[in-house]
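Undergrad: Encoded as C-alpha cells, here's the structure I'll be asking about.
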Amino acid sequence: MAEERSIFGTYVHSEHEFVRGEGVRLFQADGSDHIDFYAGIATSSLGHAHPHLVACLKEQADKLWHLSNLYRIPGQDKLAERLCANSFADKVFFANSGAEALECAFKTARRYHYDRGEPERINILTFEGAFHGRTLAAIAAGGQEKYLEGFGPKAPGFISLPFGDEKALDAAIDDETAAILIEPIQGEGGVREVPKEFLCHLRQVCDEHGLLLILDEVQTGIGRTGKLFAYEWAGIEPDLMALAKGLGGGFPVGACLATEAAAAAMVPGTHATTFGGNPLAMAVANAVIDVVTEDGFLDHVNQMSIELAQHAAELVDTYPDLFEEMRGRGLLRGLKCRVPNTEVSAALRGAGVLVAPAGDNVVRLMPPLVVTSQDLREARQRMDEALAGLADDGGQAKRDEALQPAAKA
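Take a look at the structure:
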C-alpha cells in the first residue's frame, strides 16, 4: 500500500532518501553512496556542495535575500554582462526556471512583431519530441499528448513539425509565423542531436522570412556539451535563448537572452517577475560562471566527454541485447535501449549509479561537469555489475528484482 503523504501525487518516488552530497556523489543516512549521473536533470552542473558556490551563497545570505525588481540588483548587472560577453546576446531577463525563461522568449517574439506592425504573427514552429517545460504554453510548445492530456484546450500559437523535416518546415511558414523554437539536443525527447546543417537551415529561413530563432538551451547550456552554449558547435547564433538548470548549479534560476532588436519591444509593464533575479540566485549563478569560464574548465569537460563517450560506446558493444546505440554530445549522452529503459535505470540505481530515463526508450548519462576519470571508471564498474545481471540467462528475474524498489514507491 502506497504511503499517504501531504504532497501532490505527481511523482513516483524511489525508496532512496539522500541526506548529503559531495562532488558527483549522493549519500544516504546509512552512509551508502550513489554516483550521480542524473545531476538533478543536468542541473547540478558543478556537483553537490561545490565549495565556491557554498561560500558565495553564504556570503550573500548574510547580506540580503530578496528585493523587488523595481530596484537595481548589482548581481543582475554583473551576471547579465558576463552572459552577454560570452554569447550572441545584448540583453537578459532573469527568471526562476527554464519554463519561465521560455515564457519570456515566447512573449518577446510575439511582442517583437507587434511592435513592427504585424500583430498577426504569433505562431511559433516547434518540433516533435521536444520538451520545453510544464506551463500551459510550454506543453503546447512541446506538443506531446501525454503532457497535454486533461488540461483543456491547447494554448494557441504553437505548431509542431516532424523532427528535422526541412520540407515540412518550409511549407509551414506563412504570414502568421513569428519564430522557430528548437533544442540543439532534445534531452527529454531521447538525446536526439539536431544536425548542424538543419540548425544552419533554420537560421537561413529565419533571416529570409523575418522570423526569430529561439533556442532552448535549458539542458544544453553552461558547458554541458563542451562549449558554453551548444549553438556554438553549429556556427550560428539565435535571436533568443532560454537558460536554466546548470546556470544555477542547483539553485533555481533561469534567463532569457536576446539580441538588442528582439528585446527592444519589451518595455516597462510588458513582463515582470517577483523572485526572478533575486540576490541569492545571482550570487550563485555568478559563482557558477566564475568556475565554468576559468581557463581549462571546458577543456576538462571535453576530455571527460571523450571518456564518457568511450565508456558508453563500450556498453553498447558489450551488451547488444540491452542497447542499440549511443547518442549525444559532451556530457549529455543517451543509450537507446532494447529493453524498457525503466528496467535499466532501476538496475543501475540498485548498483549505485543514478541515470535519467528519457523518451524514445533512452537512458541519459548526465554527470556533473566536474566529473573525473576515476569517477567515470568507478561508475562504469558499477554499471557493468548491474547490466551483466540484466543480460545473462536469468536476466528477466533479475530485472524483476531490480524493479521492486520502484514498484514499492
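Start counting the sequence shown at 581; every next residue gets the next number (the working numbering). The C-beta atom is built at its ideal place from N, Cα and C for all residues, glycine as well. As the structure is a prediction and not an experimental result, all values here were calculated from the model.
Could I get the ranges of all uninterrupted alpha helix (DSSP H) runs contained in the segment 641-705, with 4 residues as the minimum, in chain order?
TA: Here the runs fully enclosed are 654-665, 678-695.
Undergrad: Taking the CB atoms as reference points, tell me whether C836 and A681 lie closer together than 8 Å.
TA: Contact flag set, yes.
Undergrad: If you check the beta carbons only, do I802 and V868 fall under 8 Å apart?
TA: Against a cut-off of 8 Å, the Cβ pair of V868 and I802 comes out as a contact.
Undergrad: Under the rule that 16 or more other beta-carbon atoms within 10 Å means buried, what is Q763, buried or exposed?
TA: Looking at the sequence itself, residue 763 is Glu, so the reference to Gln does not match. Buried is the call here.
Undergrad: Is it true that the segment 689-700 meets the segment 709-721, where meeting means three or more beta-carbon pairs spaced less than 8 Å apart?
TA: Segments in contact, no.
Undergrad: Would you mind sorting R979 into buried or exposed? The rule is 16 or more other CB atoms within 10 Å of its CB.
TA: Summary for R979: the model assigns pLDDT 44, below 50, so the residue's position carries little reliability; its value from the coordinates is reported in the next sentence. Burial call: buried.
Undergrad: Helix, strand or coil: which one does DSSP assign to D555?
TA: The question about residue 555 has no answer here: the residues shown for the chain are numbered 581 through 989.
Undergrad: Considering only residues of the same chain and omitting the five flanking positions on each side of A720, which have a CB-CB separation below 6 Å?
TA: Here the set comprises K734, A735, F738.
Undergrad: On the DSSP letters alone, give me the boundaries of the beta strand (DSSP E) that F738 sits inside.
TA: Note, F738: beta strand (DSSP E), 738-741.
Undergrad: Quick check on this structure: which residue in A927, T850, L945 has the alpha carbon closest to the alpha carbon of V935?
TA: Measuring from the Cα of V935, the nearest candidate turns out to be L945.
Undergrad: Quick one: residues in its chain with C-beta nearer than 6 Å to the C-beta of G975, no 5 flanking neighbours on either side, listed in chain order?
TA: Unreliable positioning characterises G975 in this predicted model, as indicated by a pLDDT of 49, which lies under 50. The coordinate reading is nonetheless provided below. So the list is empty, once near-sequence residues are dropped.
Undergrad: Counting pairs of Cβ atoms below 8 Å between the segment 630-637 and the segment 852-864, do you hit three or more?
TA: Taking 8 Å as the limit for Cβ pairs, the verdict is that the segment 852-864 does touch the segment 630-637.
Undergrad: For a test of the three-state rule: what should DSSP assign to V599, helix, strand or coil?
TA: Three-state result, V599: strand.
Undergrad: Can you confirm whether the segment 908-920 touches the segment 763-772 when touching is taken to mean that 3 or more C-beta pairs between the two stretches lie within less than 8 Å?
TA: Contact holds: three or more Cβ-Cβ distances are below 8 Å.
Undergrad: Name, in chain order, the residues that DSSP records as bridge partners for T757.
TA: Note: T757 sits in a beta bridge opposite N703.
Undergrad: Near P1020, what residues of its chain come up, given a Cβ to Cβ distance below 7 Å and the 5 sequence neighbours on each side ignored?
TA: Lying before the first or after the last residue shown, residue 1020 is absent from the chain, which here runs from 581 to 989.
Undergrad: Would E602 be called buried (16 or more neighbouring beta carbons within 10 Å of its own) or exposed?
TA: E602 comes out exposed.
Undergrad: Is A987 helix, strand or coil when you go by DSSP?
TA: Any answer about A987 is weak, because its pLDDT of 38 lies below 50 and its placement is not dependable; what the coordinates show is given next. If DSSP states are grouped into helix, strand and coil, A987 belongs with the helices.
Undergrad: Report the option in R701, D796, P775, V798 whose CA atom is closest to the CA atom of D754.
TA: The candidate whose alpha carbon is nearest that of D754 is R701.
Undergrad: Go through its chain and collect everything with a Cβ distance to R662's Cβ below 6 Å, but skip five positions before and after it.
TA: Closer than 6 Å at the Cβ level, and outside the excluded window around R662, lie I869.
Undergrad: What does the Cβ neighbour count give for T997, buried or exposed, with the cut at 16 atoms within 10 Å?
TA: Here the chain covers residues 581 to 989 and nothing more, so residue 997 does not appear.
Undergrad: I want to know whether the segment 611-623 touches the segment 639-652 - three or more CB-CB distances under 8 Å.
TA: With the cut-off at 8 Å, the segment 611-623 and the segment 639-652 do not touch.
Undergrad: Just to confirm my understanding: we take K988, look at its own chain, exclude 5 residues before and 5 after, and list those with CB closer than 7 Å. What are they?
TA: Legend: pLDDT at K988 = 37, less than 50; position of this residue unreliable, no value from coordinates given.
Undergrad: Drop a sphere of 10 angstroms on the beta-carbon of D973, count the other beta-carbons inside from all chains shown, and report buried for 16 or more, exposed for fewer.
TA: Annotation note: pLDDT 44 at D973 (below 50); position unreliable, coordinate value reported separately. Exposed.
Undergrad: With a threshold of 8 Å, are at least 3 pairs of Cβ atoms found where one atom belongs to the segment 820-832 and the other to the segment 922-930?
TA: The segment 820-832, when compared against the segment 922-930, does not touch it at the 8 Å Cβ threshold.
Undergrad: If we ignore side chains and look at the alpha-carbon of each, how far apart do V847 and V798 end up?
TA: In a straight line, the C-alpha of V847 is about 25 Å away from that of V798.
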